[in-house]
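Enquirer: One point on numbering: in numbering that gives the first Met the number 0, the residue at position 83 of the sequence shown is 82, and numbering is uninterrupted.
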Amino acid sequence: MAKKQKNTWKDRWEVWVGIAIAFALMMAIGWIYPVKLTLLLTAGAVLIVAWDKRKGDEFWFFVPAVIGPVGDMIAISGGAWTYAAPVWGGIPLWLPAIWGLAGIVGRRVVEGLKG
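Okay, structure coming up:
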């Protein structure tokens, strides 16, 4: 039985780093429009999963989407930093979405580096 080859451009870590940079730029420019940014980031996650579905994507999205903002809230309550447009607990509306995206994109970068 032949082993499935993983030489597609979706498996290259460089592609996913580029996508991460695009989301970071989206955040840097769009933070002033929290609802639009949240919708764009969530749509980005849905598109990634639809385009490149991998087992466990839900885990890799939802765990960081919960744990990341909770960690941010703890740091914010301790005075470590603040966000310009907080909605609840000192965090912006879009923060869980970007943490979730970091989980699924980060996973793909690591898998790409492992080859």
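Where is the CB? At the ideal position from N, CA and C, for every residue including glycine.
Just verifying my parser: in three-state terms, what is the DSSP assignment at Trp80?
Expert: coil
Enquirer: What residue range does the alpha helix (DSSP H) around Trp30 cover?
Expert: Where Trp30 is concerned, there is no enclosing alpha helix (DSSP H), given that its DSSP letter is neither H nor E.
Enquirer: CB-CB under 8 Å to Ala1, same chain, minus the five flanking residues each way: which ones, in chain order?
Expert: Note on Ala1: pLDDT 49, under 50, position unreliable in the model; the coordinate value appears next. Nothing listed; no residue qualifies.
Enquirer: Rounding to the nearest angstrom, what Cα-Cα distance links Leu100 and Trp30 in this structure?
Expert: 16 Å
Enquirer: Measure from the alpha carbon of Leu40 to the alpha carbon of each residue in Pro63, Thr7, Val65, Trp93, then state which is nearest.
Expert: Closest option to Leu40, Cα to Cα, is Trp93.
Enquirer: So does the segment 95-111 actually touch the segment 65-78, counting three or more Cβ pairs closer than 8 Å?
Expert: Here the segment 95-111 makes contact with the segment 65-78; the two share three or more CB pairs at distances below 8 Å.
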